[in-house]
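Chains as they are written, first to last, in our numbering: chain A, 1 to 365; chain B, 1001 to 1365.
Don't be surprised by glycine CBs; every beta carbon is placed ideally from N, CA and C.
Please read all numbers here as calculations on a predicted model, not as lab measurements.
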């Protein structure tokens, strides 16, 4: 084991997703994680990267993404070494992504402990986040434990997964066994969940030792483990990318929640309040953004409104919007497309994006 | 007098205006007359030019514009000789503009008859237009007469000037003496005008012989005549532009309607039905555009709508709009600004443009 605890700590940032719900701001060639949603000058990915620099050395931060996003990542995070960017040759959900990243790290450092993070979420309470991750890593480093971060729900959100808390393990650090996972419940059930106080939102952040999660893959997801175990001699060598090019597409597309977390017996949850949102939709973005007296939100843009309420305005670049007479709308504008849509109907946007693709072509979506 | 009637016929196209009511499509550096409103590939100015090629030789078509639009005009009408583009060094409304153009033509051909046209109007009935202009020129060429074209009103429009018809002169050609001019009446009065059948819209198109209108300037608007008479030796010579640079800004800013037409005794009106609109506002453009079953109009753009009604959508370039839940809106989008505004409140747009200028800067208006 290396001398310093910090030297064994790694961070895997998953940044290969496509998000169609933020169309037209997010498109297949520029998904949500690369967007500067809050006009701060940093994209969600960049903010995620900045945040984890406190947890581990830059050389221990690994990005896993689709090969088509290599150029964007180089542009947004020029300091990341090319060797630390793992390019998936195909989209296979989170389990293969994580399995590869862990093998890659394990080959360099078998004592590694790893925090795996989505790149497209909002975290407002950075200090609380860092404390949570530090304590979580301390916890998983002590044994064969898989840890997820559970967030206290603020509303009966039907778009999130829920974690049911089990018995306390180390009360001091707010860590519990996980009793069950439930994917996106209906509103009625979500209300029961929230009222019970027993259910927390699943953040999609995972902490474990490299050996623990590799063992779990072997036991619970052999169809994935077999694919990646075959490359043990290649990881960390020049042969790695050739191996991945052939092997990766043969792995089944499964989420790590489904492949591992819902099945494993050693799964724990650390509860936290991080000022978190998965920014899964315009509505979610609206909810977590500062509002004018009329309830309007402006993203990245100068807006002159008359008689507009509860509306979110988003543009790219140096553009202005003049609007009146809108209530509860999404107004999102890019150089390729303009969306003006009732916020309450935002669940239709995914379908609309498909219709746009069919009618006007790939370049718009 | 030259041999051929056509050789004595000239056309003056006034294309120096700024129109803020079509913001953001029209801006100070790209006013309405230069826009391709109907996605036909030709701007309103180009369509005006194409139309008058039937009336006179290209060498007899004179454009009068503000000097700042020289480049746009060269781009849009590359066939027009530079000598035929008169560049006003200042904005002085229509009377000085016309007085200069007439002097310029008179110096070349004292037997000239001239039709003077705005460049930013829509005319759907081209054959009727040509017939009207031909007959009108025949009429003014016979004597000292100032002729305007009056359009049969289709609604009590409060944005137009009205011409009250007097006694018939040459019934066969639909020409009457003018009894009175009335600028933009209120709605009540406009209704009375239209119901009476005696009032026609003032199209801003004028026909006269060069000597007739110069005489009228001398008699009725000496403050303008004096300015331009001083250059008689310069017109048609290399000294013309130097003379204009000094003299033009000293002319008062007055419309030709006010300076001449409302005062002259020899004013006539030829009535016509030209499928005409001055395209003075989004609403006017909406009214004269083809509509979907839901009453929507799309200008230059691909639109995917759900539950939108009576709305006009306009974009620049190759952009799509996805919209729902809009009724009676203007949606106008450029690379600099996006306007989403209730159509019924469009009279506010002029004020808004000023507010935009104050708050966000010149470059947006």
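Q | Extent of the continuous alpha helix (DSSP H) run through residue 358 (chain A) | A | As a working note, residue 358 (chain A) is residue 358 in the first chain. Per DSSP, residue 358 (chain A) belongs to the alpha helix (DSSP H) from 349 to 360.
Q | Proximity winner among A:217, A:277, A:74, A:248, relative to residue 231 (chain A) (alpha-carbon distances) | A | The residue labelled residue 231 (chain A) in the question sits at position 231 within the first chain. Closest option to residue 231 (chain A), Cα to Cα, is A:248.
Q. Which chain B residues are close to residue 297 (chain A), counting only those with a beta carbon under 8 Å from its beta carbon?
A. Taking the first residue of the first chain as 1, we reach residue 297 (chain A) at position 297. Ordered by position in chain B, no residue passes the 8 Å Cβ test against residue 297 (chain A), which lies about 15 Å from the chain.
**Q.** Beta-carbon spacing of residue 1020 (chain B), residue 1359 (chain B) below 8 Å
**A.** Within the second chain, numbered from 1, the residue matching residue 1020 (chain B) stands at position 20. Within the second chain, numbered from 1, the residue matching residue 1359 (chain B) stands at position 359. No, the pair does not count as a contact, with Cβ atoms beyond the cut-off.
Q. Excluding five sequence neighbours on each side, which residues of the same chain lie with their C-beta closer than 6 Å to the C-beta of residue 1136 (chain B)?
A. For the purposes of this step, residue 1136 (chain B) is taken as residue 136 along the second chain, with counting starting at 1. If we look at residue 1136 (chain B) and ignore the five residues flanking it on each side, its Cβ neighbours are 1147, 1207, 1270.
Q | Contacts that residue 302 (chain A) makes with chain B (C-beta to C-beta distance below 8 Å) | A | Taking the first residue of the first chain as position 1, residue 302 (chain A) is located at position 302. What residue 302 (chain A) touches in chain B: 1359, 1360.
Q. Would you say residue 142 (chain A) faces chain B, with C-beta separation under 8 Å as the test?
A. The count along the first chain starts at 1 and reaches residue 142 (chain A) at position 142. No, residue 142 (chain A) lies away from the interface with chain B (no Cβ there is under 8 Å from its Cβ).
**Q.** Beta-carbon neighbours of residue 1314 (chain B), restricted to chain A and to distances below 9 Å
**A.** Here residue 1314 (chain B) refers to the residue found at position 314 of the second chain. The contacting residues do not exist; residue 1314 (chain B) stays about 11 Å from chain A at best.
Q | Selection of the stretch 321 to 340 of chain A by Cβ proximity to chain B, strictly under 8 Å | A | 321, 322, 323, 324, 325, 326, 329, 331, 333, 335, 336, 337, 338, 339, 340
Q | Per-residue DSSP class, three states only, for residue 1342 (chain B) | A | By 1-based counting over the second chain, the position of residue 1342 (chain B) is 342. Three-state DSSP puts residue 1342 (chain B) in a strand.
Q) Is it true that the CB of residue 1120 (chain B) sits closer than 8 Å to the CB of residue 1033 (chain B)? A) Within the second chain, the letter at position 33 stands for residue 1033 (chain B). Within the second chain, the letter at position 120 stands for residue 1120 (chain B). Taking 8 Å as the Cβ cut-off, residue 1033 (chain B) and residue 1120 (chain B) qualify as a contacting pair.
Q: Pull up the distance between the alpha-carbon of residue 308 (chain A) and that of residue 122 (chain A), whole angstroms please.
A: Within the first chain, numbered from 1, the residue matching residue 308 (chain A) stands at position 308. Within the first chain, numbered from 1, the residue matching residue 122 (chain A) stands at position 122. One C-alpha to the other measures close to 26 Å.
Q.
Under 7 Å: does the beta carbon of residue 1330 (chain B) sit that close to some heavy atom of the ligand FAD?
A. By its list of ligands, the structure shown contains no ligand whatsoever, and the ligand FAD lies outside what it can speak to.
Q: For residue 1352 (chain B), decide whether its Cβ has a neighbour in chain A, counting only Cβ atoms nearer than 8 Å.
A: Locating residue 1352 (chain B) in the second chain gives position 352, where the first residue counts as 1. With 8 Å as the cut-off, residue 1352 (chain B) counts as an interface residue toward chain A.
Q. Under 8 Å between the Cβ atoms of residue 1012 (chain B) and residue 1062 (chain B)?
A. If you number the second chain from 1, residue 1012 (chain B) lands on position 12. If you number the second chain from 1, residue 1062 (chain B) lands on position 62. In contact: residue 1012 (chain B) and residue 1062 (chain B) (Cβ atoms closer than 8 Å).
Q | residue 1340 (chain B) and residue 331 (chain A) closer than 8 Å at C-beta | A | If you number the second chain from 1, residue 1340 (chain B) lands on position 340. If you number the first chain from 1, residue 331 (chain A) lands on position 331. Closer than 8 Å, so yes.
Q. Which runs of the beta strand (DSSP E) spanning at least 3 residues fall entirely within the stretch 31 to 115 of chain A, listed in chain order?
A. 61 to 66, 85 to 88
Q) At which residues does the beta strand (DSSP E) containing residue 1282 (chain B) begin and terminate? A) Numbered from 1 along the second chain, position 282 holds the residue referred to as residue 1282 (chain B). It is not in any beta strand (DSSP E) - residue 1282 (chain B) instead sits in the alpha helix (DSSP H) that spans 1282 to 1287.
Q) Does DSSP put residue 309 (chain A) in a helix, a strand or coil? A) Here residue 309 (chain A) refers to the residue found at position 309 of the first chain. Strand, per DSSP.
Q: Evaluate contact between the stretch 1099 to 1116 of chain B and the stretch 1197 to 1217 of chain B, counting only Cβ atoms and requiring at least three cross-stretch pairs below 8 Å.
A: yes
Q | Beta-carbon proximity check, residue 1313 (chain B) vs residue 1303 (chain B), cutoff 8 Å | A | Taking the second chain and counting its residues from 1, the one referred to as residue 1313 (chain B) is at position 313. Taking the second chain and counting its residues from 1, the one referred to as residue 1303 (chain B) is at position 303. It is a contact, given that the beta carbons lie within the stated cut-off.
Q. With a CB to CB cut of under 8 Å and the five nearest residues on each side skipped, what residues in its chain are close to residue 1363 (chain B)?
A. Taking the second chain and counting its residues from 1, one reaches residue 1363 (chain B) at position 363. Same-chain partners within the cutoff: 1336.
Q. Any beta-carbon of chain B closer than 8 Å to the one on residue 355 (chain A)?
A. Here residue 355 (chain A) corresponds to residue number 355 of the first chain, with the count starting at 1. Yes - at least one Cβ of chain B is within 8 Å of the one on residue 355 (chain A).
Q. Excluding five sequence neighbours on each side, which residues of the same chain lie with their C-beta closer than 7 Å to the C-beta of residue 334 (chain A)?
A. One-based indexing of the first chain puts residue 334 (chain A) at position 334. So the list reads 24, 25, 316, once near-sequence residues are dropped.
Q. Just to confirm, are residue 1262 (chain B) and residue 1181 (chain B) a CB contact at a threshold of 8 Å?
A. Reading the second chain from its first residue, position 262 is the one you call residue 1262 (chain B). Reading the second chain from its first residue, position 181 is the one you call residue 1181 (chain B). Yes; because the gap between Cβ atoms is below 8 Å, this pair is in contact.
Q) So, helix, strand or coil for residue 1189 (chain B), using DSSP? A) Taking the first residue of the second chain as position 1, residue 1189 (chain B) is located at position 189. Residue 1189 (chain B): helix per DSSP, three-state reduction.
Q | chain A contact residues for residue 1345 (chain B), given Cβ-Cβ distances below 7 Å | A | Position 345 of the second chain holds residue 1345 (chain B). Correct list: 324.
Q.
Using only CA atoms, which one of B:1266, B:1291, B:1298, B:1213 lies nearest to residue 1095 (chain B)?
A. As a working mapping, residue 1095 (chain B) is identified with position 95 in the second chain. When each option's Cα is compared against that of residue 1095 (chain B), the closest is B:1213.
Q.
Quick check on the DSSP output: the alpha helix (DSSP H) that includes residue 119 (chain A) runs from which residue to which?
A. Numbered from its first residue, the first chain carries residue 119 (chain A) at position 119. That residue, residue 119 (chain A), is in no alpha helix (DSSP H); it is neither H nor E in DSSP.
Q) Going along the chain, which residues of its own chain have a beta-carbon closer than 8 Å to the beta-carbon of residue 132 (chain A), five neighbours each way excluded? A) By 1-based counting over the first chain, the position of residue 132 (chain A) is 132. Cβ neighbours of residue 132 (chain A) beyond the five flanking positions: 149, 270, 272, 274.
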